[in-house]
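Trainee: Sending over a structure as structure tokens; questions will come in a sec.
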Amino acid sequence: MDLFNDIPFMVLLLLVPLMGAVFAAFTHRNRNNAKWVAIIFSAVTLALTMVYAYVMATATVPYLDADSWTWIDTDYIVISFSLYVDGMSLLMMALTALLVLVVSIFSSSESNSANTFFALILAMEVGLMGVYMAHDYFLFYIFWEVTLIPMYFLISGWGGPRRHYAAIKFFIYTHVASLVMLIAIFAMATEAAAGGPLNFGFDEVKLALAGMDTFMQAALFGMLFLGFAAKMPLVPFHTWLPDAHVEAPTAGSVLLAGVMLKMGSYGIIRVCLDVFPEGAKAWQSAMIVIALVAIIYGAYACIAQNDLKKMVAFSSISHMGMVLLGIATLSSIGVSFAIFQMFAHGLITAVLFMVCGLVGHNAGTREISLLGGLAGKMPIFAAFMMFGFLASLGLPGLVGFVAEFGIIYSFFEYLQGTEYLWAVMFALASLLLTAGYYLWAMQRSIFGRETDKIDLSHVHDVSKPEGISMGIVCALIALFGLMPGIVMKVIETVQIAGVV
Amino acid sequence: MVSFDITAFIDYVKPIAPHLILIVAALLAPAIGSRSEKMTAVFMTLAALSAIGVTAYMMYDGYTGTFAGMYSFNDFAGLMALLFLTVLSITSLMSVPGTERRRRNGEYFSLLAIATVGMMLVCSADELISLFIGIELASIMSFALVAMKKNDPRSSEAAVKYLITGGLSTALFIYGMSLIYGLTGTLNISGIIDHLAAADVTWSYMIATVTLLAGFGFKIGMVPFHAWVPDVYDGAPTPVTTFLAIGSKKMGFVVFFKIFLMLFMASHLITGTTHQLQWVFAILAAITMTVGNIVAVSQTSVKRMLAYSSIAQAGYILIVLPVATDYAMMGGLFYMIAHVFMKGGAFVVVAALAARGVGENISDYRGLSKRAPLLAFAMLLFLFSLAGIPPLVGFDAKFILFSSALEGGTWTWLVAVAVINSAISLYYYAKVVKAMYVDKGTTKDRLKIHFSFKVAVAVCAVAVVVIGVFPGPIIDLCGLGADAFLHP
Amino acid sequence: MIPIELFILLSAMLFSVGLIGMLTKKNAIVILMCIEIMLNAANINFIAFAATYPAAPLAHIFVITAITVAAAEVGVGIAILLHAYKTRKTTNIDELTSLRW
Amino acid sequence: MVFGISFMEYAWLIPLFPVIAFVVVGFFGNKFKEGGGAIAIGSAVIAFALSALVAYEFFTGSGDAFAPEPFKWLAFGKYELNFGIYIDSLTCIMMLFASFISLLIFIYSIGYMHGEGKRKRRYYAEIALFLAGMLGLVLSSNYFEMFIFWEIMGVCSYLLIGFWAFRHPEGDEASVKAASAAKKAFLVTRLGDVCFMAGLFVLLWAFTSLDFTVLFDPANMATVDTGVIMLGALLLFGGVIGKSAQFPLQDWLPDAMAGPTTVSALIHAATMVKAGVYLVARSYPLFIQSAEVMLVVALIGGITAFIAATMALNNMNLKRVLAYSTISQLGYMILALGAGGYIIATEMAHGDVEATVGYTAGVFHMMNHAFFKALLFMCAGSVIHAVGTEDMRRMGGLSKKMRITSLTMLIGCLSIAGFPFLSGFWSKDMILEAVMEPSSLGLEGQIFMLLFVLALITAFMTAFYMFRLWFLTFKGKPRDASIHCHGESPKSMTMPLMILSVFAVGSGFLIFLGLNDIITFSVISGDFVVGGHGHTPGHILDAILTNVWTYVSLAVALIGILLAYLIYARGSLDPSRLTASGKSRLYRFLAARYFFPQLYDQISWKLGYSVAKGVDYVDKNMIDGTVNGLANSVVGSSGSLRKMQTGNVRDYLMYMAVGLISAVIVLYVLVTTGGL
């Protein structure tokens, strides 16, 4: 449709949530206006994203859009406000837009400084959208860091009892990782500039570094990888995550696990693989080992957790390990399914964290040992929890299964003809462990004896906004699980240099 | 008959025209001050602004010239003059509500103006003598300024400490200058550079340069010559602290650039290798930023924390010296400009709060976001900018400065140290932010902030954001300055 | 003619005396005097070197300037010490340690 | 073509109706009477009717497998995963009996689940999905699709076994047990599923497709290394072991009795566990590529049949005994399929042309078992419904109060025990014959001889424990006064019993009415057709009636029945004499299920929780400890560095002097060494 073709979608997708954030911030603190501002603006953003997706799908070159404005043009440094959207970006943006809307609905009963709360959520959306669109390292880094601040405030302002510790740990830990990445970006730009002005454009840097020798590629790949790995997060750079999640408010957790972690894997695919194909090969084995360690380690850590939310947090580590496993195969199948898994995990983990938030809020505790038999009092909640857990453990017919099947298959294919075929067992074993901890947690929390350790007399079931928000995501989980082709069609168009 | 040629006279004094404006203002200030302190402050601000206008016009005009063979005006001097004049206007603005000084005294503004003149003279000095005069002018005025809180024992203690350590620094660099003169036989700075760049590093060379280094290192708060900084910043009246932090420190850097940066670049041209002093500077830079940041972590007073953070920031700017490229010089200038607004803004906020009886401890800032939302938000911007969070100016500054250091690969480790420090710094900045935004305060009373503070804060906040988002023009300006400085 | 090394030695000794005095004395006024000694060490250097570089007479100007500046500095310094004495009743710098850490 | 419509084209509707029922009941069930039970039943009726039409169309057609162009579900790289339908005789039989028995169970549920209140909605939704899963599985045109339905059934069984995982009518203890049983069922079968998935990987990699039409094409098969196929087949069989509760993963099934009895009937008779057997039958073309695989299959089947039967001997729980018997009978089926496949595999290698009855026997027994096991479970359900306990020691003398139930259950017992001319008799003897067939083949022949002996002993034990069950329940005097029998169950429950008992008696005769032609498997090897036809009804009858082993097995079964009668009905033999009053080691060994539960627990504890605790320790203390340690060291050094700022200006001067001197020294070192 020509109607939509002239709309500057990319800029609007940054501006609309930004405007929303400003509006929300200026609504009255004690009235309920902020949530409507948040819901409306995030809904508009989502609608824009959907229209944009439609426009991109019907474009002559499907799923590819780029635009660039000169921003800083000096003798020493050249930076452009460069945006670029391909299938992977689009998916992540759609996920962001969706989850922001969902958490806005979910948290609509938030009454503690609601204006700031929703402003932060929308500000977060700006940052996330920016990260997934930026095509200039300067811009990319800016948005990357911008996401930290709202999250820091969300955790430290609306979090649990140890929120200050968790928030500052999150902030500094991920900031350090970003800075490591920043050094790598400097090094890349300096290397690419070769004495001329530093140009931070993705394409310019990639072009200039094309003939770089393997050692330098591997070194820069390693530094960037370190930055991204802490974001994903991969073992052993993960310890900020469980703390952050345990203390974060539900909206924060959903966005953190749903889309923020994906920034790491997005970066690995977009930057590491694309710019340093040789470096990727040099790091391939290491990446595989790290991925497997993360998968197994995360799953085992889940088993030992007593806090439901902490368990879900560790499960994120395990599942993001799965993403890296797909990436590490350096095959188009692996990377495609890694992107798929990013999308799938974003949806699933949103439900999981909403469920955890609900149990914490409604039952007053998330300690599994204090819970039990909740399904009797909260049947709808139990159904959502079961759905989320089953989706996360890779139940066929739901979106998580497709991703895991594809990733493990790509890994299996990669191992063919090597003597390490047995390594696929670790990936498969994780499926079993994952099922184990989820089922065990359900057995102890919602099934069995109705707990007498907490007062269940005032416990109520899922409220309407909560049900709607979780229902939307659950429906999508089932939809994309049954028809993964929709997503795959988008992913197929993604072109990454280091992938065969 | 001696005819007085007015145009010839104007041409003659044109290189020091901005200075003259300030000197005249300084002479008039006590007269006005006896009537109304508020008026003096406004007068001094206007004087600074008019000097800014003159300087800007001269730069726009592309004017270069030399006064008495001692002071030359070029883009660099103009840029730095603009910087110091901005500092002066911010300081004057925040001195309007003189709650920290009991008596009306216009001489306070005179001292500020004269100190600024001294700093500006340093920037345009071509000779060691003019350099020395400029430094001493600024220093002696600063000694007096620190003692301005007349009945406050802390103020006088700070002044004593500043005086004694400052005296030692004066003695050190003047002794160093004498040795340099002995080595080179000239007091002209470019002559000295030419001599030193070609000379072998002998014992006297070493002692001469190191005493200079120590003497000027004192000014910028370089570790281990930094120990006065926290005490003096803490004890001095907050406007003076601001002046010292964002003004007189820059003067120290200008001297470093004039002598050492030029020396390194000249020596690099001749020998093609890294000068040994560059390593000394690199080590000192690393130590400076590390000590500054680490000690800042455990501070409970905002002012003192900002003082340590000043030390750390000086450590970052010191990166320019070992790297010694055009790009690094530009980055250093950019960082100094950024520092004026972010650190200046932070101090203005502290002063504004102190003026309304809010203490200087971090715990006193609890719940500030409810009591003074805009001020708290501005403080948040300044602190995050200092921490290097995009898209604020502090980030751009670090981005440029750190990225400059990677060329050649020699100083990558220094960037790594800087980056780790930057992460540590986030901790103590965030502590204040947390107190303001997350913690619940004991009271929710709104704070009425004086108008002139508002103006000063607004100027700084706007600068922090606007330059942060559109650094291009300032980068160009710094590039011009660096070019004029390095390739006269 | 007296060899220049002796002048340098003298100035170095003066400088050291001043430095050591600064490090060991407690009375602020004595410390100010030590600073003066160190400044004078530099002045001696200038004059001595000026003799070897007759082509560059600016050194004398430097010395005169330095003396003037030192006088100003001492003036301000004494004022500050008086001020301190007024508020703290001491010029012993070991007792001026309320600003620390 | 029926009514001019090709129903085979629309076979995909068969699982769709139960899915629709699942959605409708799941969301709106409470708006209907009985929690939407009628909708579930309706969907089963439609599914059965459609199945019948499709089957009719198929059997009147050419007999070639019907596999229309599948829907391209997901394409990646050179691979394609499809969704489609694949109809052959096996599919038809499976979907017919699955939908039919499910339909009966659904109807039975109306009575059995009447008292469940609002939870009925959940129940009917889940069993509808369960049925959909089974029908989807049998109609699948490829392994991937099959795997999806396989897992859907798995999750349904999880939900249904755990139906009473909270607010159990018998109290909290039972809830806890149900929750644990559900988890165990899911996890143990998931272990098999993971193998299945690995098998999918192997096959997908080897064939670049998982469609049966591609995989079973001899031309494609020839291009793939036999070892790869063997690996794939073994991994698929791993899935079977989990799903069909074969040794060593059999232990989840007895625990799964924690669910409602209808669910047990559904799982054991019509769906779920049959899926495993179906998978073996479906994958015959792959499995027969290697005799070794078939030997493994037969061995696992034989061992399972035997040990499960032994466990049933001394169990006192009505449903558990039936559960063990299910495992045992599944073992039989697997054994038959394995033995038959072994013959085909070796014959293909040698080029001999000979018929085998193994495939037919296995599938035939699966069908018969579906009927009589459904009957048995529903009878047991009727009993439990009436007396409110599953403990046989507290029952007794129920035949007077529950005439229909006791009579139909007797028919079921006779059938499973292999009483002549009931359905179980025919299929069991065919199995024994099938196991006997390869026993003439060298070394492996001896293994099959052993398996045959095991199967024979199993037949004896089956007869014994089934009648032990029947006598304990229905004969003698009531042993527990506190148990009050409500009398016969309602019509909705007894009707299905009577219908099923007809089938339990008569389904065996189908083999003489053309079923033998339908259940055949043949493969073309070189110029020969191996396996397939040659079993005319007369041949089968002849083979069974003239075979001496038929009479031996019959005698063995009769002895078993007699023994049970003597011990539990007449009381002339005291069982405690045999078991040393339950204290003998063997007795305890059997009662403890060969210590399998402990083994599972130990493994999951050691490999799961202990390692997890270790990981958690490492995470908290080492990894996070390092992070916090770094942070603390910064804060700590801050605290100490800060003390340098003493406030005394003389110290400051000292720092400056020291700094000056050190700077000179550093510079000197740098100069003399020529820089770093």
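Chains as they are written, first to last, in my numbering: chain A, 1 to 500; chain B, 501 to 988; chain C, 989 to 1089; chain D, 1090 to 1765. Glycine included, each C-beta is placed from N, C-alpha and C at the ideal position. Predicted model only: the values in this text are computed from it and were never measured.
Rank T1399(D), F1326(D), L1192(D) and A1434(D) by C-alpha distance to the C-alpha of A1359(D) and give the top, closest one.
Mentor: Numbered from 1 along the fourth sequence, position 270 holds the residue referred to as residue 1359(D). Out of T1399(D), F1326(D), L1192(D) and A1434(D), L1192(D) has the C-alpha closest to the C-alpha of A1359(D).
Trainee: Return the residue from the list G498(A), V494(A), I486(A) and L482(A) that minimises the CA-CA distance to E1234(D).
Mentor: By one-based count along the fourth sequence, residue 1234(D) stands at place 145. Checking every option, the nearest Cα to that of E1234(D) belongs to L482(A).
Trainee: Measuring CA to CA, which of Y437(A), D455(A) and Y297(A) is closest to K1709(D)?
Mentor: For the purposes of this step, residue 1709(D) is taken as the residue at position 620 of the fourth sequence. Nearest C-alpha to K1709(D): Y297(A).
Trainee: I'd like to know whether the C-beta of M830(B) is nearer than 7 Å to at least one C-beta of chain A.
Mentor: As a working note, residue 830(B) is residue 330 in the second sequence. Yes, M830(B) lies at the interface with chain A (some Cβ there is under 7 Å from its Cβ).
Trainee: Shorter than 7 Å from the beta carbon of E1794(D) to some beta carbon of chain A?
Mentor: As shown, chain D starts at 1090 and ends at 1765. That puts residue 1794(D) outside it, with no answer to give.
Trainee: Give the straight-line distance between the Cα atoms of E600(B) and Y937(B), rounded to the nearest whole angstrom.
Mentor: The sequence position of residue 600(B) within the second sequence is 100, counting from 1. The sequence position of residue 937(B) within the second sequence is 437, counting from 1. Unreliable positioning characterises E600(B) in this predicted model, as indicated by a pLDDT of 49, which lies under 50. The coordinate reading is nonetheless provided below. For E600(B) and Y937(B), the distance between alpha carbons rounds to 27 Å.
Trainee: Taking F1685(D) as the reference, which of L1342(D), N1403(D) and A1552(D) has the closest Cα?
Mentor: Residue 1685(D) sits at position 596 when you count from the first residue of the fourth sequence. With distances taken between Cα atoms, F1685(D) lies closest to L1342(D).
Trainee: Pick out the complete beta strand (DSSP E) segments inside the segment 1358-1404 of chain D, 3 residues or longer, and give them in chain order.
Mentor: The segment 1358-1404 of chain D contains no whole beta strand (DSSP E) run of 3 or more residues.
Trainee: Taking C-alpha atoms, which residue in A313(A), A478(A), F221(A) and Y165(A) lies nearest to K281(A)?
Mentor: For the purposes of this step, residue 281(A) is taken as the residue at position 281 of the first sequence. Comparing Cα positions, the closest option is F221(A).
Trainee: For I478(B) and I680(B), which I take to be in contact (beta-carbon distance under 8 Å), what is that distance rounded to the nearest angstrom?
Mentor: The first residue shown for chain B is 501 and the last is 988, placing residue 478(B) beyond what the model contains.
Trainee: Answer with buried or exposed for A1570(D), where buried requires no fewer than 16 other C-beta atoms within 10 angstroms of its C-beta.
Mentor: Sequence index remark: in the fourth sequence, residue 1570(D) carries index 481 (1-based). Per the 10 Å Cβ criterion, exposed.
Trainee: Keeping to the same chain, check which residues put their C-beta closer than 6 Å to that of A1380(D); ignore five residues upstream and five downstream.
Mentor: If you number the fourth sequence from 1, residue 1380(D) lands on position 291. Taken in chain order, the residues that qualify are Y1431, A1434 and T1435.
Trainee: Mind checking if Y1757(D) is an interface residue toward chain C, Cβ cutoff 7 Å exclusive?
Mentor: As a working note, residue 1757(D) is residue 668 in the fourth sequence. No, Y1757(D) does not count as interfacial toward chain C.
Trainee: State yes or no: is the C-beta of I1423(D) within less than 7 Å of the C-beta of G1390(D)?
Mentor: Within the fourth sequence, numbered from 1, the residue matching residue 1423(D) stands at position 334. Within the fourth sequence, numbered from 1, the residue matching residue 1390(D) stands at position 301. Yes, the pair counts as a contact, with Cβ atoms nearer than the cut-off.
Trainee: So within the segment 374-441 of chain A, which uninterrupted alpha helix (DSSP H) runs reach at least 4 residues, ignoring any that extend past its ends?
Mentor: As far as the segment 374-441 of chain A is concerned, its whole alpha helix (DSSP H) runs of at least 4 residues are 374-377, 379-392 and 399-415.
Trainee: Mind listing the chain A neighbours of G634(B)? Cutoff is C-beta to C-beta under 9 Å, in chain order.
Mentor: For the purposes of this step, residue 634(B) is taken as the residue at position 134 of the second sequence. Chain A residues near G634(B): none, gap ~29 Å exceeds 9 Å.
Trainee: Are the C-beta atoms of E600(B) and some chain C residue less than 7 Å apart?
Mentor: By one-based count along the second sequence, residue 600(B) stands at place 100. Reliability of the predicted coordinates at E600(B) is poor, the pLDDT of 49 falling under 50, and no value is obtained from them.
Trainee: Taking only beta-carbon positions, decide if L1102(D) is within less than 7 Å of chain A.
Mentor: Position 13 of the fourth sequence holds residue 1102(D). Taking Cβ atoms only, chain A never reaches closer than 7 Å to L1102(D), which makes this a no.
Trainee: Using the Cβ count rule (16 or more neighbours within 10 Å means buried), how would you classify M1001(C)?
Mentor: Stepping through the third sequence from its first residue, residue 1001(C) is reached at position 13. Counting Cβ neighbours within 10 Å, M1001(C) comes out exposed, since fewer than 16 surround it.
Trainee: Per DSSP, what kind of secondary structure is T60(A) in: helix, strand or coil?
Mentor: Here the question's residue 60(A) lines up with position 60 in the first sequence. The answer is coil: DSSP assigns T60(A) none of H, G, I, E or B.
Trainee: In or out: N1457(D) buried (at least 16 other Cβ within 10 Å) or exposed?
Mentor: As a first step, residue 1457(D) must be located in the fourth sequence, where it is residue number 368. Classification of N1457(D): buried, given that the 10 Å Cβ count is 16 or more.
Trainee: Consult DSSP for T1497(D) and reduce its assignment to one of helix, strand or coil.
Mentor: Here residue 1497(D) refers to the residue found at position 408 of the fourth sequence. Here T1497(D) sits in helix by DSSP.
Trainee: Please determine, among G1126(D), A1100(D), W1101(D) and E1098(D), the residue with the shortest C-alpha to C-alpha distance to F1111(D).
Mentor: The sequence position of residue 1111(D) within the fourth sequence is 22, counting from 1. Minimum Cα distance to F1111(D) is reached at G1126(D).
Trainee: Do the segment 425-438 of chain A and the segment 355-368 of chain A touch if we need at least three Cβ pairs shorter than 8 Å?
Mentor: No, the segment 425-438 of chain A does not touch the segment 355-368 of chain A.
Trainee: Starting from I333(A), find everything on chain D with Cβ-Cβ shorter than 7 Å and list it in chain order.
Mentor: Walking along the first sequence from the start, residue 333(A) turns up at place 333. F1165 and G1166, listed in chain order.
Trainee: So the beta strand (DSSP E) I79(A) belongs to, where does it begin and stop?
Mentor: Here residue 79(A) corresponds to residue number 79 of the first sequence, with the count starting at 1. Element bounds for I79(A): I77 to D86.
Trainee: What does a CB cutoff of less than 8 Å around R1256(D) pick up in its chain, not counting 5 residues either side in sequence?
Mentor: For the purposes of this step, residue 1256(D) is taken as the residue at position 167 of the fourth sequence. Same-chain partners within the cutoff: S1264.
Trainee: Considering A568(B), what are the terminal residues of the beta strand (DSSP E) in which it resides?
Mentor: As a working note, residue 568(B) is residue 68 in the second sequence. No beta strand (DSSP E) holds A568(B); DSSP gives it neither H nor E.
Trainee: Between the C-alpha atoms of G894(B) and A1287(D), what's the straight-line distance to the nearest angstrom?
Mentor: Translated into the one-based positions of the second sequence, residue 894(B) becomes position 394. Translated into the one-based positions of the fourth sequence, residue 1287(D) becomes position 198. If you take the alpha carbons of G894(B) and A1287(D), they lie about 54 Å apart.
Trainee: Based on DSSP bridge pairs, tell me the residues matched to Y1168(D).
Mentor: Indexing the fourth sequence from 1 puts residue 1168(D) at position 79. Paired residue(s): F1165(D).
Trainee: Are the Cβ atoms of A581(B) and A526(B) separated by less than 7 Å?
Mentor: Translated into the one-based positions of the second sequence, residue 581(B) becomes position 81. Translated into the one-based positions of the second sequence, residue 526(B) becomes position 26. Contact flag unset, no.
Trainee: Give the interface partners of T1085(C) over in chain D, defined as CB-CB distance under 9 Å, in chain order.
Mentor: One-based indexing of the third sequence puts residue 1085(C) at position 97. Chain D residues near T1085(C): T1735, G1736, N1737 and V1738.
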